[in-house]
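Note sheet for the following structure.
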DNA sequence: ATGAAAGTTGAACCGACTTTCAACTTGGTT
DNA sequence: AACCAAGTTGAAAGTCGGTTCAACTTTCAT
């Protein structure tokens with residue numbers, strides 16, 4: 424069951440008896456808690472942690488990192504101030520946990536569009552549309568990842584580097600299937616991946632977070648640009 | 424004479440006797456001080472303000488807004504703590520002033536490439552290369568504009584909205600000259616402008632701020648993408 | 001049923017930072 | 001030479017919020 428529609432902390436996924444777990448999804452609450460010996464060991468604890476995470480997402484999303492306060496977060500979560508420190512070592516640690524989680528959320532939300540019908544570029548079009556819809560519905564996520572540049576640089580960098588790598592890999596696949604024109608330079612795929620990613624992020628900011636344009640229309644225009652370029656004839 | 428190679432506070436530009444001034448550049452120190460009655464009225468004051476701005480650029484650039492402290496800024500500038508409040512109402516006001524200035528710096532640095540030889544897309548290529556070189560040399564500027572999203576949202580938004588508008592206008596011009604394929608939708612130019620801007624920003628982050636790739640090579644790859652697209656044949 | 005482990009509570013501590021201000025210095029003008 | 005507006009100084013006030021902790025409650029395995 425997802426928290427506030429965003430923090431996905433499916434309790435059962437990590438229950439004592441569960442055998443298999445998703446390969447690399449870190450959706451369980453236990454994994455979200457501070458890396459120290461801070462993971463909840465009880466159903467009650469897990470519920471509390473989940474409340475704190477939900478509250479934190481709202482608080483950081485609305486007020487930003489430095490304006491946000493632990494008092495306000497615990498108050499939103501309806502737990503005592505001290506309870507916070509049962510699960511996290513510091514305000515920063517909480518933020519980092521949230522960044523990791525948000526990064527996974529974005530990936531998981533967009534991933535389904537990347538398999539299925541159409542050539543590589545068509546799938547990128549659908550992925551962008553999905554991303555824009557996700558951004559419009561979860562503006563908090565956007566703000567948190569952006570602010571990670573200053574609060575959790577490691578997390579920020581890692582989010583974008585892995586995202587870019589995935590895009591580059593998909594481009595490589597599409598190219599090997601002959602769906603793309605050939606790129607000579609070894610730099611090319613990486614440069615293009617970062618260019619596409621940057622475009623997507625800014626489109627999300629402008630047309631999903633700040634304004635509300637039709638995701639499919641924006642994605643279509645962008646895809647035409649990516650596929651055919653702007654050059655005459 | 425530019426401060427630290429970035430904050431351009433050419434004193435003489437605003438001297439009492441100067442007649443003409445650049446149309447819309449806000450390069451003079453007087454204009455940078457807090458809007459209140461805080462502008463320096465003396466050569467000595469102007470020098471002090473300049474020292475504070477230089478120090479602030481370094482401090483914010485290295486430590487980020489919340490880590491940065493007025494004590495540290497005034498100490499870098501070698502002035503007393505209280506002197507700061509002769510020129511700015513608050514830490515935020517200082518940051519805002521810096522954001523406005525950095526925004527102008529970026530524009531002024533890239534602008535020259537946007538006139539001159541070549542078609543519209545070729546000029547955009549040169550502009551991107553210039554931007555990448557500027558970003559590599561002034562990483563502080565990057566960080567400050569990025570952090571403005573949280574510290575000075577107005578300034579942030581205004582920076583990117585005006586930048587996007589300029590790009591869109593240039594696209595319109597190029598299209599009217601027949602250099603671009605025609606776009607039907609009224610949304611198209613704005614969407615494309617934001618996509619290009621986002622691409623440029625992320626390329627700057629990755630290949631100028633984080634890494635040091637050859638600006639011309641990165642710009643060339645990107646330009647090929649923008650001109651011809653990725654689609655096969 | 002019971003005891004130990006896990007979780008909860010919130011008052012108080014603590015350090016850090018912004019901002020103020022009244023005394024002092026500087027330098028240009030008359 | 002003396003005046004005064006502009007600028008400078010730094011100690012201290014004031015605020016604010018993160019973090020700690022010892023007492024208390026709940027849960028759950030035995």
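Protein chains in written order, with the numbering used here: chain A, 424 to 656; chain B, 424 to 656. Cβ coordinates follow ideal geometry from the N, Cα and C atoms, glycine included.
For the C-beta of residue 620 of chain B, the chain A residues within less than 7 Å are, from N- to C-terminus, 625.
Of the residues assessed, residue 539 of chain B falls on the exposed side of the cut-off, its CB having fewer than 16 other CB atoms within 10 angstroms. Non-local C-beta neighbours of residue 514 of chain B in its own chain, meaning closer than 7 Å and more than five positions away in sequence, comprise 493, ordered along the chain. Taking 7 Å as the CB threshold, residue 603 of chain B lines the interface with chain A. Excluding sequence positions up to five before and after residue 650 of chain B, its CB lies within less than 8 Å of the CB of 544, all in the same chain and listed in chain order. For the pair of segments examined, the segment 494-514 of chain B was found not to touch the segment 547-562 of chain B: the number of CB pairs separated by less than 8 Å stays below three. Note on the segment 469-547 of chain B: whole alpha helix (DSSP H) runs with a minimum of 4 residues are 493-500, 507-510 and 514-533, in chain order.
In this structure, B:488 is the residue among B:488, B:592 and B:467 with its C-alpha nearest to the C-alpha of residue 563 of chain B. Contacts with chain B (Cβ-Cβ distance below 9 Å) from the segment 552-574 of chain A involve 566, 569, 570, 572, 573 and 574, listed in chain order. Nearest to residue 576 of chain A by C-alpha distance, out of B:624, B:633 and B:589, is B:633. In the three-state scheme derived from DSSP, where H, G and I count as helix and E and B as strand, residue 634 of chain A is classed as coil. Residue 475 of chain A is not a Cβ neighbour of residue 491 of chain A, given a cutoff of 7 Å.
Taking one beta carbon from each stretch, the segment 607-618 of chain A and the segment 635-647 of chain B have 3 or more pairs nearer than 8 Å; the two touch. Using a Cβ-Cβ cut-off of 8 Å, residue 645 of chain A is close to 614, 615 and 618 of chain B, given in chain order. The beta carbon of residue 489 of chain B falls within 7 Å of a beta carbon belonging to chain A, placing the residue at that interface. Secondary structure note for residue 580 of chain B: its alpha helix (DSSP H) is the uninterrupted segment 576-599. Nearest Cα to residue 599 of chain A within the set B:527, B:655 and B:518: B:655. Excluding its 5 nearest sequence neighbours in each direction, residue 479 of chain A has C-beta neighbours in its own chain below 7 Å: 496, 517 and 521, listed in chain order. By the Cβ test, the segment 555-562 of chain B is in contact with the segment 624-632 of chain B, since at least three Cβ pairs between them sit closer than 8 Å. Judged by DSSP secondary structure, residue 612 of chain B falls within the alpha helix (DSSP H) whose first and last residues are 611-627. Counting C-beta atoms within 10 angstroms of its own C-beta, residue 508 of chain B has fewer than 16 neighbours from the protein chains shown and is therefore classed as exposed. Pairing residue 484 of chain A with residue 555 of chain A gives a Cβ-Cβ distance that is not under 7 Å. With a 10 Å radius around the Cβ and a threshold of 16 neighbouring Cβ atoms, residue 645 of chain A comes out buried.
If you draw a 10 Å sphere on the C-beta of residue 593 of chain B, you find 16 or more other C-beta atoms in it, and that means buried. Beta-bridge partners assigned by DSSP to residue 654 of chain B: A:603. Judged by DSSP in its simplified three-state form, residue 563 of chain A adopts helix. In this structure, residue 590 of chain A keeps its C-beta atom at 7 Å or more from the C-beta atom of residue 551 of chain A.
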